[in-house]
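Have a look at the structure below, then the notes.
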Amino acid sequence: MGGLAGRSADGRLNELKRKAASLPDSPGVYVFKDEEGRILYVGKAASLKNRVKSYFAPPATLPAKIRAMMARARDLEFIVTDTELEAFVLESNLIKTEKPRYNVLLRDDKHYPYLRVSVNEEWPRVGISRSVKDDGARYFGPYYPSGAVTEVLRLARRLFPMRTCSDNALRNARRPCLNYHIGRCPAPCRGLISREEYGRSVDNLCMFLEGRHKDVLVSLTQEMKAAAQALDFEKAAKIRDQIRAIERMGEEQKAISTIWRDMDVVGLARDEGKACVMALFVRKGRLIGRRHYLTEDTPYGSDGDAEVVAAFLKHHYRETEYVPPEILIPLDLERDDARLLPEWLSRKKGGKVDIRHPQKGEKRRLVEMATRNAKAILEAIRMEEEAAGGGAADAARRTKAAEELAEVLRLAEPPRRLECFDISDIQGKDAVGSMVVFEDGVPLKSGYRRFKVKSREEPNDFLMMKEVVGRRLKRIESEGGPWSRPDLLIVDGGKPQLLAAMKAMEETGVTGIPVVGLAKERELVHVPWRDDPIALPRNSPALLLLQHIRDEAHRFAIAYHRNIRSKRSRWSPLDEVEGIGPKRKKMLIGKFGSLQGIKEASVEEIASIPGIGKGLAAKIKAQVRE
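Be aware that the sequence shown starts at 0, since it is given in numbering that gives the first Met the number 0, and climbs by one per residue.
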């Protein structure tokens, strides 16, 4: 890779021009970098000299994004390739690994889950993932709505049984698990299936999730015939049932096209600076899935529609193995992409791939369907952002609520940071406290805190609230950041809880923080400076804000309390053995199946588990015997 380094800012433009003038008239990839050596932009060219020269045209004639990039560019590097297609592939790979700021960057929408097949493992598994990682596994989806992924996973495991256990459980299993006995796992842990047969099942699963049901049926039919010829009629019958289930499912899928071939259909929509690219996957006229990507917001305007669609095609088909023979898009691509993308995809597929922009007829209708789906995604995102408090109306309501609180509670100014406390217990057992934080009327979840109540007396709401508030107030002097001083302190309860908070302030020496209590029964606000509580109108913005933070503190406390009770209900004699934590406990149960299995095992068998010697094994044996 050729390059410039360490030039002054004054002479950098002329230096870049000189470098551009000396570039070869050859295909290749060029890279602009900033002053710190970070990659700003990656591009490809049939002629490096001619393409890069265009970046030095008068700034007014350049797109806003390119003007912004050139203002920061301090260095130029290049890689010469043998062909333009090779430059095309290299550009795509560099964009993937380097994620340059001024290239079109697409991201998966994390709202919806995927199915992950761990083909990188010795004995692959299928499960649910919320993100796509470059970890060697294969990902399918996303699934809409989110609950659909559970149904597909259940069906996949029924049609293509495979293990669900961890690698550690697989290694240490002494007998097949329940899934084997109900036909959901072929028990590779006990050698009841060959690697070759297991691998074929994984291949069929991946084809099934790609929507290639016909290919799966061909593969399964061959396996069924082979099993019958080998007189393994039980296996042949199981495969026959798989075939019938897949055929039934194919009959139930909705047909959206009379064109009996595989196609991917791409739509594009924009809304308030965002762009969404949607792909519908049509197999033999039936819609079997969809996937969408969003463009990253940029401070220098939007990328062109053709550039966004081309970036999607490069990104998506670089990540997926199957390429259909036809791809429908909503617009014409730029000249270079229109020529190179079909060539690259045809080479990847091993057969001709057409990229078409249909103008009329059924194919045009499919593109419009994809575009409507893209618009629906952007609309859903906008509504979620508004619901989360992004709209101007919500901001106005929050401001009004804070101003009303200041007036009603006699505060010097509208409170910005509110903290609310709640206690959760059952007759004093497993008592916990919660603290939630709102800033500017919005939950600040990084500031949420949980407390295990240490008081040993009989159930006493006053003492428990005093303890929790006191422990929080002590942090004001010893720590900053997440323990910032609140503008208003709220307790869930009436006068007793309010007095408890005031007592905690007195004992910790913290002064000057307004404190109120919100009673649940009549939603009355208790304040220190009057005997009677304040009754705010039901539609009061101040009351609605107090109720919101009080309910959030209650929810947070209950969730913590349930978690503690759940852990206690899962108590085991193994928890009493020093040196046995969750990991070793899981290994023991995985190896011996149950406490009874551990009780029946010898000390030597227990000690054979990694990390457990004879001494610890003897302690375990003694504990479970009791």
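We put the beta carbon where it would ideally sit given N, CA and C, even for glycine.
- Restricting attention to alpha helix (DSSP H) runs no shorter than 4 residues, the segment 323–395 encloses them at 334–348 and 360–384, ordered along the chain.
- Contact between Val435 and Arg449 is ruled out by a C-beta separation of about 10 Å, above the 8 Å threshold.
- Between Leu408 and Val515, the C-beta gap is smaller than 8 Å, which places the two residues in contact.
- Listed as beta-bridge partners of Met434 by DSSP are Phe420 and Arg448.
- A direct Cα-Cα distance of roughly 52 Å separates Arg260 from Asn562.
- Comparing alpha carbon positions, the residue from Val131, Leu177 and Glu195 closest to His291 is Val131.
- Its Cα nearest to that of Glu35, the residue Arg71 stands out among Val468, Arg71, Thr60 and Ile475.
- Its chain contains Leu327, Arg363 and Val366 as the residues whose beta carbon lies nearer than 7 Å to that of Pro357, once the 5 sequence neighbours on both sides are disregarded; these appear in chain order.
- Exclusion of the five residues before and after Leu545 leaves Leu517 as the residues of its chain whose Cβ lies within less than 6 Å of its Cβ.
- The segment 571–589 makes no contact with the segment 463–475: fewer than 3 CB pairs, one atom from each, lie closer than 8 Å.
- Between the segment 23–30 and the segment 71–90 there are three or more C-beta pairs closer than 8 Å, enough to call the two in contact.
- Ala556 sits close to Asp421, with the two beta carbons spaced by under 8 Å.
- When DSSP states are grouped into helix, strand and coil, Met161 belongs to the coil group.
- With a minimum length of 4 residues, the unbroken runs of alpha helix (DSSP H) contained wholly in the segment 528–575 fall at 540–568.
- If the five residues before and after Tyr179 are omitted, its C-beta is found closer than 6 Å to the C-beta atoms of Ala186, all from its own chain and listed in chain order.
- Proximity of the segment 309–317 to the segment 335–353 meets the contact definition, three or more beta-carbon pairs being nearer than 8 Å.
- Counting only runs of 3+ residues, the beta strand (DSSP E) found wholly inside the segment 24–73 occupies 27–32 and 38–44, in chain order.
- Excluding residues up to 5 positions away in sequence, nothing lies with its Cβ nearer than 6 Å to the Cβ of Asp202 in the same chain.
- The three-state secondary structure of Ser128, taken from DSSP, is strand.
- In the DSSP assignment, Thr507 falls within the unbroken alpha helix (DSSP H) covering Lys494 to Thr507.
- Counting of Cβ neighbours within 10 angstroms places Ser128 among the buried residues, the total reaching 16 or more.
- For Ile287, same chain residues with a beta-carbon under 6 Å away, outside a window of 5 residues either side, are Gly210 and Phe280 in chain order.
- Under the DSSP definition of a beta bridge, Val281 partners with Met262 and Leu286.
- Sequence-distant Cβ neighbours of Leu615 in its own chain, meaning closer than 7 Å and more than five residues away, are Gly578.
- Note: Leu208 is not bridge-paired with any residue in the DSSP secondary-structure output.
- A residue is called buried when at least 16 other Cβ atoms come within 10 angstroms of its Cβ; Glu90 meets this threshold and is buried.
- Ranking Tyr113, Ala373, Glu506 and Lys237 by CA distance to the CA of Thr149 puts Tyr113 first.
- Take the alpha-carbon of Lys618 and the one of Arg624: they are about 10 Å apart.
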